[in-house]
Amino acid sequence: MAISRAKALEHAYEVLEQPRAHMRVTLKQTRSGLSLYYDGRVMTRVFVNRSGLAAAAAMAEALRVRVPKLGDSVDARVSSGVIYRVLAISDLDYRNELSYQLASRLISEAVDMQGTRGTSE
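The sequence shown begins at 4 in the numbering used here and counts up by one.
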């Protein structure tokens, strides 16, 4: 049985209580949407709808990776601070235009935190 989005986020924020310089995360796209995994567990997911697709694109941009094709996944190695911002991006309501402005700010912060080196694996 799939874990609920709320339970996944709850677990994710528990993981983030311990700051980490490097976390290997995976973005995976399935028919139901895009999920972010860490250590084999879902941290957050967005669904295949207008808001979810906007969140998926923003999450990938913040991680400096591409949105994977259906059935594929892509890995990234980033800090817990970047993950915190990705989780916030995933939780925005993109039906509200202000969410795009907030997402843009969070993406900028996440990219700045990663410096100039590549982070995709």
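Note that CB positions come from ideal geometry on N, CA and C, so glycine has one too.
What residues match up with residue i in a beta bridge as DSSP calls it?
i   : result
S76 : K31
V26 : This sequence places Met at residue 26; Val is not what is there. The partner list for M26 (beta bridge, DSSP) reads V81.
In whole angstroms, what is the alpha-carbon distance linking residue i and residue j?
i    : j    : result
A5   : D115 : 34 Å
L105 : Y41  : 24 Å
T33  : G74  : 5 Å
Go ahead and pull the three-state DSSP assignment for residue i.
i    : result
L95  : coil
L56  : helix
L37  : strand
R48  : strand
D115 : helix
Keeping to the same chain, check which residues put their C-beta closer than 6 Å to that of residue i; ignore five residues upstream and five downstream.
i   : result
A91 : L109
Taking the alpha-carbon of residue i as reference, which of the options has the nearest alpha-carbon?
i   : options          : result
V18 : L66, G74 and S82 : S82
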